[in-house]
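>
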Amino acid sequence: ENMESKIVDEVIAYARRSQFETIDITGGAPELNPNLSRLIESIVPFANRIMLRSNLSVLNDGKRDHLMTLLKQNRVVIVASFPSLNEIQADSQRGDGTFKINIEALRKLNALGYGHKGSGLELDLVSNPTGAFLAPSQAQTDERFHQVLEQKWGIVFDQLFNFANVPLGRYRNWLIKSENLKQYMQKLISGFNPLSVKDVMCRSLVSVSWDGYLYDCDFNLAGELFMGGHKIHVSEMPGPPAPEPHIATDNHCYTCTAGAGFT
Numbered sequence: 001e002n003m004e005s006k007i008v009d010e011v012i013a014y015a016r017r018s019q020f021e022t023i024d025i026t027g028g029a030p031e032l033n034p035n036l037s038r039l040i041e042s043i044v045p046f047a048n049r050i051m052l053r054s055n056l057s058v059l060n061d062g063k064r065d066h067l068m069t070l071l072k073q074n075r076v077v078i079v080a081s082f083p084s085l086n087e088i089q090a091d092s093q094r095g096d097g098t099f100k101i102n103i104e105a106l107r108k109l110n111a112l113g114y115g116h117k118g119s120g121l122e123l124d125l126v127s128n129p130t131g132a133f134l135a136p137s138q139a140q141t142d143e144r145f146h147q148v149l150e151q152k153w154g155i156v157f158d159q160l161f162n163f164a165n166v167p168l169g170r171y172r173n174w175l176i177k178s179e180n181l182k183q184y185m186q187k188l189i190s191g192f193n194p195l196s197v198k199d200v201m202c203r204s205l206v207s208v209s210w211d212g213y214l215y216d217c218d219f220n221l222a223g224e225l226f227m228g229g230h231k232i233h234v235s236e237m238p239g240p241p242a243p244e245p246h247i248a249t250d251n252h253c254y255t256c257t258a259g260a261g262f263t
């Protein structure tokens with residue numbers, strides 16, 4: 001599931017037609033797509049803010065140092081997954097040696113200016129709880145990550161996003177296998193925060209899949225729920241979706257309305 005050059009061209013054309021406020025490039029590891037550099041350079045004129053949801057282990061590959069430089073030159077916001085401050089715990093989630101590789105990647109980004117106040121190069125981290133638990137207080141977790149990363153490894157960053165896990169894909173399979181799905185869903189439902197509804201991402205974005213079809217959000221993409229319940233290709237869209245469109249929903253949507261919500 002890798003976006004081909006033809007679909008990248010369609011996405012660039014859609015950005016040109018729509019002039020988005022923000023374009024957020026995501027995926028398991030968008031750095032692995034051979035068209036990523038071309039995509040970034042092409043869409044810069046058509047959005048005020050470009051974000052890359054980075055896989056630090058892939059970004060730290062010595063073959064991609066040029067990509068780090070390109071991200072800096074175009075002031076791309078980097079949002080990187082950093083699951084835990086505990087090396088053993090992080091490696092158990094992502095594979096042996098992942099923690100040290102990610103620390104090295106963050107140091108490289110810091111050396112380029114990312115994460116430093118006043119640099120204009122934003123570096124954000126994302127953390128998710130392990131197990132069938134909701135995310136703890138974001139303010140407390142953000143403070144702890146800043147303190148530990150700077151004191152132990154000399155790493156600075158802008159902000160931490162602490163999100164609940166979405167009951168889809170491998171995580172859903174684990175919940176089912178461990179007989180935690182019902183309990184976890186009840187926690188999400190019980191944690192419903194009506195104040196979060198106005199800011200849920202599906203109300204202000206459109207998500208484009210690797211094959212060019214549109215979804216209300218990345219989670220609906222993972223759940224194969226097309227935008228508004230209709231299968232529409234990016235090449236068919238004259239511009240941004242209409243304000244307040246019909247949004248396809250399912251039980252995983254409770255993830256974005258629990259606690260502080262999901263951005």
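Quick note on the UniProt record's numbering: the sequence shown kicks off at 1 and runs consecutively. For every residue, glycine included, the Cβ atom is placed at its ideal position computed from N, Cα and C.
Taking VAL11 as the reference, which of SER81, GLN183, ILE247 and GLU236 has the closest Cα?
Closest option to VAL11, Cα to Cα, is GLU236.
> Measure from the alpha carbon of ARG38 to the alpha carbon of each residue in VAL234, ILE7 and GLY115, then state which is nearest.
Nearest option by C-alpha distance: ILE7.
> When DSSP labels each residue in this structure, what does SER204 get in the three-state scheme?
DSSP places SER204 in coil when its eight states are reduced to three.
> For PRO34, does the count of other Cβ atoms within 10 angstroms reach 16, so buried, or fall short, so exposed?
By the 10 Å Cβ count, PRO34 comes out exposed.
> Taking buried to mean at least 16 other C-beta atoms within 10 Å of its own C-beta, is THR257 buried or exposed?
So THR257 ends up on the buried side.
> Is the region 77-88 touching the region 40-53 in the sense that three or more CB pairs, one from each, lie closer than 8 Å?
Touching, yes.
> Taking the CB atoms as reference points, tell me whether ASN2 and ILE40 lie closer together than 8 Å.
No, these two residues do not count as a Cβ contact at 8 Å.
> So, using beta-carbon positions, are VAL126 and PHE161 closer together than 8 Å?
Yes, these two residues count as a Cβ contact at 8 Å.
> Taking the C-alpha atoms as reference points, what is the distance between LYS72 and GLY120?
Whole-angstrom Cα-Cα distance: 9 Å.
> Taking the alpha helix (DSSP H) that VAL11 belongs to, which residues open and close that run?
Where VAL11 is concerned, the enclosing alpha helix (DSSP H) stretches over 5-18.
> Extract the residue ranges of the alpha helix (DSSP H) inside the region 82-153, only unbroken runs of 4 or more that lie entirely within it.
Fully enclosed alpha helix (DSSP H) runs of 4 or longer: 87-94, 98-111 and 138-153.
> So, does the region 126-146 touch the region 81-99, judging by three or more C-beta pairs under 8 Å?
As far as the Cβ criterion goes, the region 126-146 touches the region 81-99, which means the pair count is three or higher.
> Which residues does DSSP list as the beta-bridge partners of PHE192?
In DSSP, PHE192 forms a bridge with ALA258.
> So the alpha helix (DSSP H) ASN173 belongs to, where does it begin and stop?
169-177 is the span of the alpha helix (DSSP H), which, as asked, contains ASN173.
> Inspect the beta-carbon positions of ASN110 and PHE82 and report whether they are closer than 8 Å.
Taking 8 Å as the Cβ cut-off, ASN110 and PHE82 do not qualify as a contacting pair.
> Who are the Cβ neighbours of TYR14 in its own chain at under 7 Å, not counting the five residues just before and after it?
These residues qualify, in order along the chain: VAL234 and MET237.
> Measure how close the beta-carbons of MET68 and LEU112 come, nearest whole angstrom, since I'm counting them as under 8 Å.
About 6 Å separates the two Cβ atoms, so the contact holds.
> Just to confirm before moving on: does the CB-CB distance between residue 317 and VAL148 stay below 8 Å?
No answer is possible for residue 317: it lies beyond the span of the chain, which begins at 1 and ends at 263.
> Quick check: the region 133-148 against the region 167-183, are there 3 or more CB pairs under 8 Å?
Judged by Cβ distances under 8 Å, the region 133-148 makes no contact with the region 167-183, as fewer than three pairs qualify.
> Can you list, in chain order, the residues of its chain with a C-beta nearer than 7 Å to that of ILE43? Leave out the 5 residues immediately preceding and following it.
Closer than 7 Å at the Cβ level, and outside the excluded window around ILE43, lie ILE12, ALA15, ILE23 and ILE50.
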